[in-house]
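Residue numbers (this note's numbering): -7 to 72.
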């Protein structure tokens, strides 16, 4: 198993480091086809960027939906 460790300030959100991780893995020739991550790394822009720039499928749980429509169970949900 190949790992890439990035140390950042505690105020740096996980999703901000994902593009750099993929860039470093690509330089070393260790870029995976699928990257399994936790919810801190999954945002739609970063999932799209990983696919577009590195052809990596990022898989992990999406964050919950904080919208008013979701709380009231109105409208369409993310899964719809």
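Glycine residues also receive a C-beta, built at the ideal position from the N, C-alpha and C atoms.
N- and C-terminal bounds of the alpha helix (DSSP H) containing residue 9: Here residue 9 corresponds to residue number 17 of the chain shown, with the count starting at 1. Start and end: 6 to 20.
Identify the continuous alpha helix (DSSP H) that holds residue 43 and give its terminal residues. Within the chain shown, numbered from 1, the residue matching residue 43 stands at position 51. 36 to 46 is the span of the alpha helix (DSSP H), which, as asked, contains residue 43.
Could you tell me the alpha carbon to alpha carbon distance between residue 1 and residue 29, rounded to whole angstroms? Numbered from 1 along the chain shown, position 9 holds the residue referred to as residue 1. Numbered from 1 along the chain shown, position 37 holds the residue referred to as residue 29. Cα-Cα distance, rounded: 19 Å.
Would you kindly work out how many angstroms separate the C-alpha atoms of residue 36 and residue 7, rounded to a whole number? By 1-based counting over the chain shown, the position of residue 36 is 44. By 1-based counting over the chain shown, the position of residue 7 is 15. So the two alpha carbons sit approximately 10 Å from each other.
According to DSSP, what are the bridge partners of residue 28? In the chain shown, counting from the first residue as 1, residue 28 sits at position 36. Partner(s): 51.
Mind reading off the beta-carbon distance from residue 17 to residue 33? Whole number of angstroms is fine, and I expect it under 8 Å. Locating residue 17 in the chain shown gives position 25, counting from the first residue. Locating residue 33 in the chain shown gives position 41, counting from the first residue. That belief does not hold up - the Cβ atoms of residue 17 and residue 33 are roughly 14 Å apart, past 8 Å.
Rounding to the nearest angstrom, what Cα-Cα distance links residue 42 and residue 53 in this structure? What you label residue 42 is simply residue 50 of the chain shown in a count that begins at 1. What you label residue 53 is simply residue 61 of the chain shown in a count that begins at 1. Roughly 16 Å separates the two Cα atoms.
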